[in-house]
Amino acid sequence: SSRYVLSALHPMWQGPLAAPGGNRQSPIDIRVRKSVFDPHLEPLTLEYDPRTCSQVWNNGYSFLVEYNDTTDKSTLKGGPLEDTFRLCQFHFHWGESNAWGSEHTVDRRLFAAELHLVHWNSNKYKLFEEAVLEENGLAVIGVFLKIGKRHEGLQKLVDVLPAVRHKDSVVEFTSFDASCLLPANIDDYWTYAGSLTTPPLSEAVTWIIMKQPIEVSHDQLAVFRSLLFTSAEEEVQKSMVNNFRVQQPLKGRTMETIPE
Ligand SMILES: NS(=O)(=O)c1ccc(NC(=O)NCCCCO)cc1
Ligand SMILES: [Zn+2]
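In the working numbering, the protein residues as written are 12 to 271.
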């Protein structure tokens with residue numbers, strides 16, 4: 012559909028679109044009735060220390076809120092995970108219109124945007140760069156965003172976005188508690204084995220997708236769209252919108268969920 016044509020325009024997607032031999036690529040459509048109850052799934056334990064938040068960076072595809080991941084201060088445990096995973100960054104994907112923007116869909120339903128909280132397995136590896144090469148190396152929490160009431164916690168981040176309008180710009184950003192961006196019930200989720208949704212497209216991700224979306228206001232999302240894919244010196248400026256990947260084949264994977 013047209014939204015995929017739009018997202019394919021970014022240089023990110025000029026190379027090969029699929030990872031070679033990929034049989035666990037992301038994102039995918041979540042077929043709710045096909046998800047399997049897994050009685051062994053535990054509650055998630057999230058412990059985020061706001062003091063590890065360090066900066067916001069426009070990397071030319073999204074804006075990343077980066078955390079100091081040199082110690083186990085902001086961690087994710089439980090759920091489908093056997094080890095402790097360390098928060099290294101979070102970012103979003105969104106559309107040019109509120110009608111689309113998420114990477115995953117729920118029975119083909121599109122959301123206006125999707126938050127990704129990226130963690131790496133600090134029990135087994137010393138760095139993100141090592142963990143990204145291993146099939147149990149990463150865990151990403153996905154949260155859908157829908158248009159509704161203003162999200163007070165998000166506003167602190169929205170307020171600094173004009174400072175990172177152009178690609179490669181960075182601004183200091185501290186004492187932000189990322190857990191304010193999670194829905195009320197974090198134990199209601201789907202989980203499946205997938206990949207990064209941008210190059211290197213590594214098949215290293217245990218995805219944990221929250222069933223409950225969070226609400227943000229139209230104006231807050233409009234500030235996301237005021238960012239640019241392009242750096243200050245480029246003559247043609249391009250709005251940072253439609254920064255999502257096309258959906259990938261399920262290839263026999265099962266979506267697991269917690270018993271209701
Ligand atoms: N959209 S997504 O699947 O959540 C995702 C998360 C992290 C990354 N990559 C990342 O954080 N890279 C930092 C350094 C990479 C070292 O190989 C790409 C895509
Ligand atoms: Zn992402």
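Ideal Cβ placement from N, Cα and C applies to all residues, glycine included.
Quantities reported herein were computed from a predicted structural model and do not represent experimental measurements.
Exercise. Helix or strand or just coil, what does DSSP make of Tyr15?
Worked result: Within the sequence shown, residue 15 is the residue found at index 4, counting from 1. The answer is helix: DSSP assigns Tyr15 an H, G or I state.
For this session: Compare the C-alpha of Thr81 against each of His51, Asn134, Gly112 and name the closest.
Result: Position 70 of the sequence shown, counted from the start, is the residue given in the question as residue 81. Nearest C-alpha to Thr81: Asn134.
Exercise. Looking only at its own chain, which residues have a Cβ that is under 8 Å from the Cβ of Thr209, when we skip the five neighbours before and after it?
Worked result: For the purposes of this step, residue 209 is identified with residue 198 of the sequence shown, where counting begins at 1. For Thr209, where only same-chain residues beyond five positions count, the Cβ hits under 8 Å are Met23, Tyr72, Arg256.
Problem set entry | Cβ contact check for the segment 224 to 240 and the segment 171 to 187: 3 or more pairs under 8 Å | yes
Problem set entry | Identity of the residue in Pro211, His162, Ala142, Glu58 nearest Ala29 by Cα | Here the question's residue 29 lines up with position 18 in the sequence shown. Nearest of Pro211, His162, Ala142, Glu58 to Ala29, Cα basis: Pro211.
Problem set entry | Proximity test, His102 beta-carbon vs ligand 2 heavy atom, cut-off 7 Å | Stepping through the sequence shown from its first residue, residue 102 is reached at position 91. Yes, Cβ of His102 sits closer than 7 Å to a heavy atom of ligand 2.
Exercise. Is Ser242 helix, strand or coil when you go by DSSP?
Worked result: Counting from 1 along the sequence shown, the entry for residue 242 is found at position 231. Note: Ser242 maps to coil in three-state DSSP.
For this session: Would you mind stating whether Leu193 and Leu165 have Cβ atoms separated by less than 8 Å?
Result: Taking the first residue of the sequence shown as 1, we reach residue 193 at position 182. Taking the first residue of the sequence shown as 1, we reach residue 165 at position 154. No, the Cβ-Cβ distance between Leu193 and Leu165 is not below 8 Å.
Problem set entry | Distance between Phe187 and Val181 (C-alpha atoms, nearest Å) | Your numbering for residue 181 matches position 170 in the sequence shown. Your numbering for residue 187 matches position 176 in the sequence shown. About 16 Å.
Exercise. Is it the case that the Cβ atoms of Trp201 and Ile41 are separated by a distance below 8 Å?
Worked result: The sequence position of residue 201 within the sequence shown is 190, counting from 1. The sequence position of residue 41 within the sequence shown is 30, counting from 1. Yes, these two residues count as a Cβ contact at 8 Å.
For this session: Inspect the beta-carbon positions of Ala215 and Leu149 and report whether they are closer than 8 Å.
Result: Locating residue 215 in the sequence shown gives position 204, where the first residue counts as 1. Locating residue 149 in the sequence shown gives position 138, where the first residue counts as 1. Yes, these two residues count as a Cβ contact at 8 Å.
For this session: Drop a sphere of 10 angstroms on the beta-carbon of Ala243, count the other beta-carbons inside from all chains shown, and report buried for 16 or more, exposed for fewer.
Result: Translated into positions along the sequence shown, residue 243 becomes position 232. Ala243 comes out exposed.
For this session: Could you check if Asn196 is buried or exposed, using at least 16 other CB atoms within 10 Å of its CB as the buried criterion?
Result: Numbered from its first residue, the sequence shown carries residue 196 at position 185. Result: exposed.
Exercise. Mapping DSSP to helix, strand and coil, what is Trp68?
Worked result: Residue numbering aside, residue 68 sits at position 57 when the sequence shown is read from its first letter. If DSSP states are grouped into helix, strand and coil, Trp68 belongs with the strands.
Problem set entry | Gln166 (DSSP reduced to helix, strand or coil) | Taking the sequence shown and counting its residues from 1, one reaches residue 166 at position 155. Here Gln166 sits in helix by DSSP.
For this session: Please report the residue range of the beta strand (DSSP E) in which Phe255 lies.
Result: Taking the first residue of the sequence shown as position 1, residue 255 is located at position 244. Premise fails: Phe255 is in no beta strand (DSSP E) and is neither H nor E.
Exercise. Relative to ligand 1, is the shortest distance from any of its heavy atoms to the C-beta of Val175 smaller than 7 Å?
Worked result: As a first step, residue 175 is located in the sequence shown; it is residue number 164 there, counting from the start. Because no heavy atom of ligand 1 lies under 7 Å away, the Cβ of Val175 does not count as near it: no.
Exercise. What are the start and end residues of the beta strand (DSSP E) that includes Gln100?
Worked result: Your numbering for residue 100 matches position 89 in the sequence shown. First-last of the beta strand (DSSP E) with Gln100: 96 to 105.
For this session: Return the residue from the list Ser190, Asn147, Val47 that minimises the CA-CA distance to Leu126.
Result: The residue given as residue 126 occupies position 115 in the sequence shown. Per the Cα distances, Ser190.
Problem set entry | Rounded Cβ spacing between His162 and Val67 (contact assumed at less than 8 Å) | On the sequence shown, position 151 is the one that residue 162 refers to. On the sequence shown, position 56 is the one that residue 67 refers to. The pair is not a contact, with the Cβ atoms about 16 Å apart (cut-off 8 Å).
Problem set entry | Gln223 burial status per 10 Å Cβ neighbour count (16 or more: buried) | Your numbering for residue 223 matches position 212 in the sequence shown. Exposed.
For this session: Taking 8 Å as the cut-off, decide whether the C-beta atoms of Leu138 and Val76 are in contact.
Result: Indexing the sequence shown from 1 puts residue 138 at position 127. Indexing the sequence shown from 1 puts residue 76 at position 65. No, the Cβ-Cβ distance between Leu138 and Val76 is not below 8 Å.
Problem set entry | Opening and closing residue of the beta strand (DSSP E) in which Leu156 lies | On the sequence shown, residue 156 is found 145 positions in, with the first residue counted as 1. 149 to 158 is the extent of the beta strand (DSSP E) around Leu156.
Exercise. Is it buried or exposed for Gly205, if we count other Cβ within 10 angstroms and need 16 for buried?
Worked result: Locating residue 205 in the sequence shown gives position 194, where the first residue counts as 1. Buried is the call here.
Problem set entry | Close-in-space but distant-in-sequence residues of the same chain around Leu17 (CB under 6 Å, 5 per side omitted) | Sequence index remark: in the sequence shown, residue 17 carries index 6 (1-based). Only Asn253 meet the Cβ criterion.
Exercise. According to DSSP, which residues form a beta bridge with Glu125?
Worked result: If you number the sequence shown from 1, residue 125 lands on position 114. BP columns for Glu125 point to His104, Phe155.
Exercise. In whole angstroms, what is the alpha-carbon distance linking Asn132 and Gly153?
Worked result: Here the question's residue 132 lines up with position 121 in the sequence shown. Here the question's residue 153 lines up with position 142 in the sequence shown. Whole-angstrom Cα-Cα distance: 17 Å.
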